[in-house]
Amino acid sequence: MRINENNYVDKAEEAIKSLVEESKQKCRGKVNIVTTSKIRNLLAMTADIYNQVMICQNDKLSDDLKGRIEYLRVRFMYECGREPLVKNFVEEADVLPILKEINGSKKNYILFSRYMEALIAFHKYYGGKD
């Protein structure tokens, strides 16, 4: 996977820092990246699945959960199409490829969920707006 237990926090920080720097160059020093509300909506969908994943007894997820993860990917793509700043965020953070790499693994989904939380934390820390 593109992320693992040892690097997901650093990858999240790198992605947000990159978005902030790019934004400052384009917007004359202002930070204009995806809003916290938009990211929180994406995290809410992620957290809903996370709650079901945590109940799962084995490391291989059920077909129902795999389907929900695929639908999550669709929702991320939809939000990217609606809002260019969301698209920049999703692309910079490699969210779609990481979602594909979950591949039905409970451990990988939990890691993805933590990565999303790290992205939100660094977004807030580096000045993302509500």
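Residues in the sequence shown are numbered from -6 upward in steps of one, following this note's numbering. The beta-carbon is built from N, C-alpha and C at its ideal position, and this holds for glycine as well.
| query | Roughly how far, in whole angstroms, is the beta-carbon of E85 from the beta-carbon of L12, given that I think they are within contact range, below 8 Å? | reply | Position 92 of the sequence shown, counting from 1, holds the residue named residue 85. Position 19 of the sequence shown, counting from 1, holds the residue named residue 12. Contact holds; Cβ gap of about 5 Å.
Where does S55 sit, in a helix, a strand or coil, going by DSSP? Within the sequence shown, residue 55 is the residue found at index 62, counting from 1. Of the three classes helix, strand and coil, the one that applies to S55 here is coil, per DSSP.
- Item | Neighbourhood of Y64 by C-beta, 8 Å cutoff - its chain only, sequence neighbours within 5 removed | By one-based count along the sequence shown, residue 64 stands at place 71. If we look at Y64 and ignore the five residues flanking it on each side, it has no Cβ neighbours.
Query raised in the report: Does the distance from the CB of L89 to the CB of Y1 come in under 8 Å?
Result: Within the sequence shown, the letter at position 96 stands for residue 89. Within the sequence shown, the letter at position 8 stands for residue 1. Cβ atoms of L89 and Y1: not closer than 8 Å.
Practice item. Identify, in the order they occur along the chain, each residue of the same chain with its Cβ nearer than 6 Å to the Cβ of S106, setting aside the five sequence neighbours on each side. Key: Locating residue 106 in the sequence shown gives position 113, counting from the first residue. If we look at S106 and ignore the five residues flanking it on each side, its Cβ neighbours are T39 and Y43.
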